[in-house]
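Trainee: Numbering (the working numbering), first residue to last: 92 to 514.
For every residue, glycine included, the Cβ atom is placed at its ideal position computed from N, Cα and C.
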């Protein structure tokens with residue numbers, strides 16, 4: 092009977108997730124009445140949990156609990172059972188600006204991430220999608236006018252660089268969060284526009300501290316791949332050089348440093364790297380920086396081993412923080428790999444709520460940053476504490492960066508060997 096009850100409550104959520112439409116019909120709420128005349132201590136609450144008396148526990152857990160584990164159970168239950176709150180609050184209204192033809196699956200996954208956060212917070216809300224055909228200034232301007240006319244003050248906008256530039260040119264007077272864009276890539280100074288994209292440059296800088304010469308860079312034809320290859324080459328060659336020197340003086344110091352960079356552009360259909368790797372003495376014992384998607388990365392790493400490159404290490408940014416790397420590659424191929432990751436704050440309640448919608452905020456950084464953006468707006472609107480303690484500097488989310496190694500079965504913290512050798 093309990094299983095049937097739970098299924099009945101979850102079923103509307105699953106149906107909602109598949110439609111990607113925000114219904115005007117509210118989901119049914121469950122209310123639990125406390126009939127116990129006696130107060131319940133932390134120990135009493137734990138006994139209810141230990142004995143699987145979840146509703147007795149919830150009848151007393153009508154506010155935030157000091158015990159972190161118990162409060163997590165409380166919040167998880169509120170989300171899964173769609174429990175009603177006795178506190179009446181104003182509705183939070185958030186709009187989603189979705190260039191669905193451009194961002195593909197992220198039109199639905201960012202919607203799911205936003206929805207999952209809001210239902211987990213047990214606060215009345217309205218979430219509405221505004222789909223646009225393109226990221227032209229005209230399409231975006233018309234959509235923003237419609238959003239403003241409909242009374243929405245907060246907008247989540249998973250746009251590309253082109254779309255973010257268009258919004259900056261329009262310069263609207265409404266709060267807009269870009270989960271896909273880092274402020275380093277735009278010129279806007281508007282206080283209304285907040286950027287949540289991760290910092291690939293900062294990740295690259297941290298990874299380059301682990302690099303040795305020769306630095307071998309793999310990249311694809313994508314915009315991010317080409318930009319990162321140029322940035323990483325410049326940063327590696329100019330490391331430790333006074334930028335106030337003349338170009339001639341810099342070139343002389345670079346020649347004296349004996350640093351070399353080798354770059355390979357990998358076309359989409361390429362599956363064999365014998366030409367690039369076999370008996371290539373220019374790359375032996377080097378650091379290999381891979382700026383390609385996960386499938387291409389797996390192919391590259393297997394051939395680094397096949398052609399005996401004796402890589403000192405293999406470096407990659409957030410692009411390859413993906414559990415597929417553990418199944419697509421042999422441990423021998425990845426044992427010296429170092430990945431920079433900025434998804435460092437996990438919230439179990441939001442992770443589980445997203446999983447109900449088949450959504451990932453653990454490894455998918457755009458879904459993660461979307462959640463951070465909704466959390467930021469929720470804090471602005473309600474003054475409740477943020478779930479994600481991420482600093483904001485000059486309208487940009489500053490995500491911590493950790494270096495990880497894909498071990499045999501999971502990602503583990505990287506221990507630098509380069510720094511140990513230098514010491």
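Apart from the five residues just before and just after residue 476, which ones in its own chain have a Cβ nearer than 8 Å to its Cβ?
Mentor: Numbered from its first residue, the chain shown carries residue 476 at position 385. Here the set comprises 470.
Trainee: Tell me the start and end of each unbroken alpha helix (DSSP H) in the region 348-405 that is at least 4 residues and wholly inside, in chain order.
Mentor: 365-368 and 385-397
Trainee: Assuming contact is defined by CB atoms lying nearer than 8 Å, are residue 205 and residue 461 in contact in what I supplied?
Mentor: Residue numbering aside, residue 205 sits at position 114 when the chain shown is read from its first letter. Residue numbering aside, residue 461 sits at position 370 when the chain shown is read from its first letter. Yes, Cβ-Cβ distance for residue 205 and residue 461 is below 8 Å.
Trainee: Could you give the DSSP three-state label for residue 188: helix, strand or coil?
Mentor: Here residue 188 corresponds to residue number 97 of the chain shown, with the count starting at 1. Three-state result, residue 188: strand.
Trainee: Alpha carbon to alpha carbon, how far is residue 283 from residue 277?
Mentor: Residue numbering aside, residue 283 sits at position 192 when the chain shown is read from its first letter. Residue numbering aside, residue 277 sits at position 186 when the chain shown is read from its first letter. The straight-line gap from Cα to Cα measures roughly 14 Å.
Trainee: Threshold first: 4 residues or longer. Then list the alpha helix (DSSP H) segments lying entirely within the region 224-257, N to C.
Mentor: 228-240
Trainee: Restricting to Cα atoms, I'd like to know which of 217, 372, 293 and 481 is closest to residue 399.
Mentor: Sequence index remark: in the chain shown, residue 399 carries index 308 (1-based). Nearest of 217, 372, 293 and 481 to residue 399, Cα basis: 372.
Trainee: Please classify residue 185 as buried or exposed, where buried requires at least 16 other C-beta atoms within 10 Å of its C-beta.
Mentor: By 1-based counting over the chain shown, the position of residue 185 is 94. Buried, since its Cβ has 16 or more Cβ neighbours within 10 Å.
Trainee: Just verifying my parser: in three-state terms, what is the DSSP assignment at residue 461?
Mentor: As a working note, residue 461 is residue 370 in the chain shown. The answer is helix: DSSP assigns residue 461 an H, G or I state.
Trainee: Can you give the beta carbon distance from residue 301 to residue 449, rounded, assuming they're within the 8 Å contact cut?
Mentor: Looking up residue 301 in the chain shown gives position 210. Looking up residue 449 in the chain shown gives position 358. Rounded, the Cβ-Cβ distance is 35 Å, inconsistent with contact.
Trainee: In the DSSP assignment, find the unbroken alpha helix (DSSP H) run with residue 202 in it and report its ends.
Mentor: For the purposes of this step, residue 202 is taken as the residue at position 111 of the chain shown. Taken as a continuous stretch (DSSP letters only), the alpha helix (DSSP H) holding residue 202 covers 197-211.
Trainee: Pull up the DSSP beta-bridge partners for residue 293, would you.
Mentor: For this step, residue 293 is matched to residue 202 along the chain shown. Paired residues: none, contrary to the question.
Trainee: In or out: residue 483 buried (at least 16 other Cβ within 10 Å) or exposed?
Mentor: Position 392 of the chain shown, counted from the start, is the residue given in the question as residue 483. Within 10 angstroms of the beta-carbon of residue 483 lie fewer than 16 other beta-carbons, which makes it exposed.
Trainee: Helix, strand or coil: which one does DSSP assign to residue 266?
Mentor: In the chain shown, the residue the question calls residue 266 occupies position 175. Strand.
Trainee: Report whether the distance from the Cβ of residue 429 to the nearest heavy atom of the ligand NAD is below 7 Å.
Mentor: Within the structure as shown, the ligand NAD is missing, as the structure has no ligands at all.
Trainee: Give me the Cβ distance between residue 424 and residue 393, rounded to the nearest whole Å; I'm assuming they're in contact under 8 Å.
Mentor: Here residue 424 refers to the residue found at position 333 of the chain shown. Here residue 393 refers to the residue found at position 302 of the chain shown. Going by Cβ atoms, the distance from residue 424 to residue 393 rounds to 5 Å, so yes, they are a contact pair.
Trainee: Where DSSP assigns a beta bridge to residue 522, which residues make up the other side?
Mentor: The chain is shown only over 92 to 514; residue 522 falls outside these bounds and no answer can be derived.
Trainee: Of the choices 381, 391 and 397, whose alpha-carbon is the least far from that of residue 406?
Mentor: Taking the chain shown and counting its residues from 1, the one referred to as residue 406 is at position 315. Nearest option by C-alpha distance: 381.
Trainee: Helix or strand or just coil, what does DSSP make of residue 136?
Mentor: Walking along the chain shown from the start, residue 136 turns up at place 45. In the structure shown, the three-state DSSP call for residue 136 is helix.
Trainee: Measuring straight from C-alpha to C-alpha, what distance separates residue 361 and residue 374?
Mentor: For the purposes of this step, residue 361 is taken as the residue at position 270 of the chain shown. For the purposes of this step, residue 374 is taken as the residue at position 283 of the chain shown. Answer to the nearest angstrom: the Cα atoms are 19 Å apart.
Trainee: Can you round the beta-carbon distance between residue 446 and residue 377 to whole angstroms, since I take them to be within the 8 Å contact cut?
Mentor: Here residue 446 corresponds to residue number 355 of the chain shown, with the count starting at 1. Here residue 377 corresponds to residue number 286 of the chain shown, with the count starting at 1. The Cβ separation is near 40 Å, so there is no contact.
Trainee: Let's test the definition: count the other Cβ atoms within 10 Å of the Cβ of residue 249 and tell me whether it reaches 16, buried, or not, exposed.
Mentor: Within the chain shown, residue 249 is the residue found at index 158, counting from 1. The residue in question, residue 249, is buried, as its Cβ has 16 or more Cβ neighbours within 10 Å.
Trainee: Is it a yes or a no for the region 309-319 touching the region 424-443, going by three-plus beta-carbon pairs under 8 Å?
Mentor: Taking one beta carbon from each stretch, the region 309-319 and the region 424-443 have fewer than 3 pairs nearer than 8 Å; the two do not touch.
Trainee: To the nearest angstrom, how far is it from the Cα of residue 297 to the Cα of residue 481?
Mentor: Reading the chain shown from its first residue, position 206 is the one you call residue 297. Reading the chain shown from its first residue, position 390 is the one you call residue 481. Whole-angstrom Cα-Cα distance: 19 Å.
Trainee: Within 10 Å of its beta-carbon, does residue 246 have 16 or more other beta-carbons around it, so buried, or fewer, so exposed?
Mentor: Residue numbering aside, residue 246 sits at position 155 when the chain shown is read from its first letter. Its Cβ being crowded by 16 or more others within 10 Å, residue 246 is buried.
Trainee: In chain order, which beta strand (DSSP E) runs of at least 3 residues are fully inside the region 430-490?
Mentor: 482-484 and 487-489
Trainee: Considering residue 219, what are the terminal residues of the beta strand (DSSP E) in which it resides?
Mentor: Your numbering for residue 219 matches position 128 in the chain shown. Segment 216-222, the beta strand (DSSP E) holding residue 219.
Trainee: Assuming residue 182 contacts residue 217 under a Cβ cut-off of 8 Å, what Cβ separation, rounded to an integer in Å, is found between them?
Mentor: On the chain shown, position 91 is the one that residue 182 refers to. On the chain shown, position 126 is the one that residue 217 refers to. With 8 Å as the limit, residue 182 and residue 217 qualify as a contact, their Cβ atoms being about 6 Å apart.
Trainee: Tell me whether the beta-carbon of residue 231 lies closer than 8 Å to the beta-carbon of residue 259.
Mentor: Walking along the chain shown from the start, residue 231 turns up at place 140. Walking along the chain shown from the start, residue 259 turns up at place 168. Result no, Cβ atoms of residue 231 and residue 259 do not sit closer than 8 Å.
Trainee: Tell whether a beta-carbon distance below 8 Å holds between residue 166 and residue 440.
Mentor: As a first step, residue 166 is located in the chain shown; it is residue number 75 there, counting from the start. As a first step, residue 440 is located in the chain shown; it is residue number 349 there, counting from the start. Yes.
Trainee: Taking residue 367 and residue 355 to be in contact with their CB atoms under 8 Å, please state how far apart those CB atoms are, rounded to whole angstroms.
Mentor: In the chain shown, counting from the first residue as 1, residue 367 sits at position 276. In the chain shown, counting from the first residue as 1, residue 355 sits at position 264. With a Cβ gap of about 5 Å, residue 367 and residue 355 count as contacting.
Trainee: Taking residue 156 as part of the beta strand (DSSP E), name the residues at either end of that continuous run.
Mentor: On the chain shown, position 65 is the one that residue 156 refers to. Per DSSP, residue 156 belongs to no beta strand (DSSP E) and is neither H nor E.
Trainee: Rank 271, 261, 498 and 291 by C-alpha distance to the C-alpha of residue 280 and give the top, closest one.
Mentor: Working through the chain shown from its first residue, we reach residue 280 at position 189. For residue 280, the nearest C-alpha among the options comes from 261.
Trainee: Using a 10 Å radius around the Cβ and a threshold of 16 neighbouring Cβ atoms, would you call residue 379 buried or exposed?
Mentor: Indexing the chain shown from 1 puts residue 379 at position 288. With a threshold of 16 other beta carbon atoms within 10 Å, residue 379 meets it and is buried.
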